[in-house]
Amino acid sequence: MRKAASGAPRTVLATDLDGTFLGGSVAQRDTLYDWIAQRRDEIVLIFVSGRGIEFMRGLADELPVQPDHLVGDVGTSVACGPAYEPLPHLEQWLDASWPADAHARIGATMQQHPGLSEQPIVGGRRRSYYFRDHAYATAARHDVQQLGFDVLISDNLYFDVLPRGVQKGPTLLRTLQALNLPAHRTLVAGDTLNDLSMFDTGLAGVAVGNREAALDAAIQQHGNVYRSPHPGAAGVLDALQRFHRTEDSHGFITGHRLSQATL
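Counting from 24, one number per residue, gives the positions in the sequence shown under the numbering used here.
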């Protein structure tokens with residue numbers, strides 16, 4: 024693996040945005056962004072979000088540190104490099120997983136579930152909705168899964184219909200492989216159930232302190248995930264500083280994994 028100018032191995036930070044990289048106070052965000060900026064040649068920064076590629080492009084222009092690569096739309100779109108361009112073979116994989124009639128079939132099924140409302144602006148290969156009553160979401164999930172798609176329910180609000188087998192985690196792994204970035208030097212960060220698939224990859228991870236209760240329950244047995252007590256950007260920095268110091272991908276967790284009783 025190429026090393027930074029200091030001779031240290033580079034770290035890949037693959038982070039969710041809302042509530043995670045963009046979470047916490049202004050001071051906490053500034054501290055994280057300054058820490059990365061001071062070591063910019065040592066950090067590969069990947070945004071992995073439910074947000075769309077165009078949103079993340081705009082965000083990149085506003086932040087003091089810019090991402091190197093983008094995984095958007097809950098893992099159903101990817102844009103890489105300085106120009107944020109798609110990777111052809113990843114595009115082929117994503118297109119193959121999303122039939123031409125997917126939108127129409129999902130839309131017809133969801134008409135039978137008026138308790139959910141469609142999100143107005145959504146990109147990638149997905150259809151996304153809001154819900155308020157979990158019982159309505161559960162019923163809709165059953166019908167959509169019968170069509171051959173996956174459903175991701177998160178943050179007690181979001182209902183995403185995704186290609187079977189496509190979420191943040193699987194797409195991130197394929198992106199790392201395509202870019203020849205090492206999994207053992209990758210730290211993933213998130214705060215809701217739509218980040219669970221990243222933690223399920225086995226990559227070293229941090230669930231920030233403001234994490235969704237359902238995510239916290241889901242990662243109880245994940246030995247690869249550090250449950251930080253710090254919110255948002257402060258939680259990311261908490262783990263990133265430890266991870267960046269060690270050659271062992273999970274060494275930063277040893278002795279620091281928090282029990283539920285600690286929180």
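We put the CB at the ideal spot given by N, CA and C, even for glycine. Remember, predicted model here, so these are calculated numbers, not experimental data.
**Item:** Separation of A106 from Y249, as counted between CA atoms
**Value:** In the sequence shown, residue 249 corresponds to position 226, counting from 1. In the sequence shown, residue 106 corresponds to position 83, counting from 1. A106 has its alpha-carbon roughly 33 Å from the corresponding atom of Y249.
**Message:** By the three-class DSSP mapping on this structure, what secondary structure does Y56 have?
**Reply:** Translated into the one-based positions of the sequence shown, residue 56 becomes position 33. Helix, per DSSP.
**Item:** Integer-rounded CB distance, given that V94 should sit under 8 Å from G73
**Value:** Working through the sequence shown from its first residue, we reach residue 73 at position 50. Working through the sequence shown from its first residue, we reach residue 94 at position 71. At roughly 10 Å, the Cβ-Cβ gap does not stay under 8 Å, so G73 and V94 are not in contact.
**Request:** Apply the 10 Å Cβ neighbour rule to A37 and answer buried if 16 or more other Cβ atoms are within range, or exposed otherwise.
**Result:** Residue 37 sits at position 14 when you count from the first residue of the sequence shown. Around the beta-carbon of A37, 16 or more other beta-carbon atoms lie within 10 Å, marking it buried.
**Request:** Sort out for me which residues DSSP pairs E141 with in a bridge.
**Result:** As a first step, residue 141 is located in the sequence shown; it is residue number 118 there, counting from the start. Y152.
**Assigned exposure category for P254 - 16 Cβ within 10 Å defines buried** = Looking up residue 254 in the sequence shown gives position 231. By the 10 Å Cβ count, P254 comes out buried.
**Prompt:** Any idea what DSSP makes of R80, helix, strand or coil?
**Reply:** Along the sequence shown, read from residue 1 onward, the residue named residue 80 stands at position 57. Here R80 sits in helix by DSSP.
**Sub-8 Å separation of T99 and A212 beta-carbons** = Here residue 99 corresponds to residue number 76 of the sequence shown, with the count starting at 1. Here residue 212 corresponds to residue number 189 of the sequence shown, with the count starting at 1. No. Outside cutoff.
**Message:** On the criterion of 16 or more Cβ atoms from any shown chain inside 10 Å, does T194 qualify as buried, or is it exposed?
**Reply:** If you number the sequence shown from 1, residue 194 lands on position 171. T194 should be labelled buried.
**Request:** Mind checking which residues open and close the beta strand (DSSP E) that includes Y249?
**Result:** Residue numbering aside, residue 249 sits at position 226 when the sequence shown is read from its first letter. Taken as a continuous stretch (DSSP letters only), the beta strand (DSSP E) holding Y249 covers V248 to R250.
**Request:** Give the straight-line distance between the Cα atoms of Q283 and F154, rounded to the nearest whole angstrom.
**Result:** Reading the sequence shown from its first residue, position 260 is the one you call residue 283. Reading the sequence shown from its first residue, position 131 is the one you call residue 154. Confidence at Q283 is low in this model, with a pLDDT of 35, below 50, so the placement of that residue should be treated as unreliable; the coordinate-derived value is given next. Looking at the two C-alpha atoms, the distance is approximately 29 Å.
**Message:** According to DSSP, simplified to helix, strand and coil, what is E114?
**Reply:** Position 91 of the sequence shown, counted from the start, is the residue given in the question as residue 114. When DSSP states are grouped into helix, strand and coil, E114 belongs to the helix group.
**Prompt:** How do the segment 156-171 and the segment 125-140 stand: do at least 3 beta-carbon pairs fall below 8 Å, yes or no?
**Reply:** Taking 8 Å as the limit for Cβ pairs, the verdict is that the segment 125-140 does touch the segment 156-171.
**Exposed unless 16 or more other CB atoms sit within 10 angstroms - verdict on E85** = For this step, residue 85 is matched to residue 62 along the sequence shown. It is exposed - the Cβ of E85 has fewer than 16 other Cβ atoms within 10 Å.
**Message:** If you follow the alpha helix (DSSP H) that T194 is in, where does it begin and where does it stop?
**Reply:** The residue you call residue 194 lines up with position 171 of the sequence shown. Counting along the chain, the alpha helix (DSSP H) containing T194 begins and ends at K191 to A201.
**Closest by C-alpha distance to L226, when choosing among Q244, Q243, A206 and A125** = Taking the sequence shown and counting its residues from 1, one reaches residue 226 at position 203. Out of Q244, Q243, A206 and A125, A206 has the C-alpha closest to the C-alpha of L226.
**CB of E77 within 8 Å of CB of R33, strictly** = Here residue 77 refers to the residue found at position 54 when the sequence shown is read from its first residue. Here residue 33 refers to the residue found at position 10 when the sequence shown is read from its first residue. For the 8 Å CB-CB criterion, E77 and R33 do not form a contact.
**Request:** Apply the 10 Å Cβ neighbour rule to E235 and answer buried if 16 or more other Cβ atoms are within range, or exposed otherwise.
**Result:** To locate residue 235, count along the sequence shown from 1; it is residue 212. The residue is buried, with at least 16 neighbouring Cβ atoms inside 10 Å.
**Asked** Below 8 Å between beta carbons: does that hold for T198 and V101?
**Response** If you number the sequence shown from 1, residue 198 lands on position 175. If you number the sequence shown from 1, residue 101 lands on position 78. Cβ distance < 8 Å, so T198 and V101 count as in contact.
**Asked** Relative to the alpha-carbon of Y181, which residue among G188, D156 and G192 has its alpha-carbon at the smallest distance?
**Response** Here the question's residue 181 lines up with position 158 in the sequence shown. Closest in alpha carbon position to Y181, among G188, D156 and G192, is D156.
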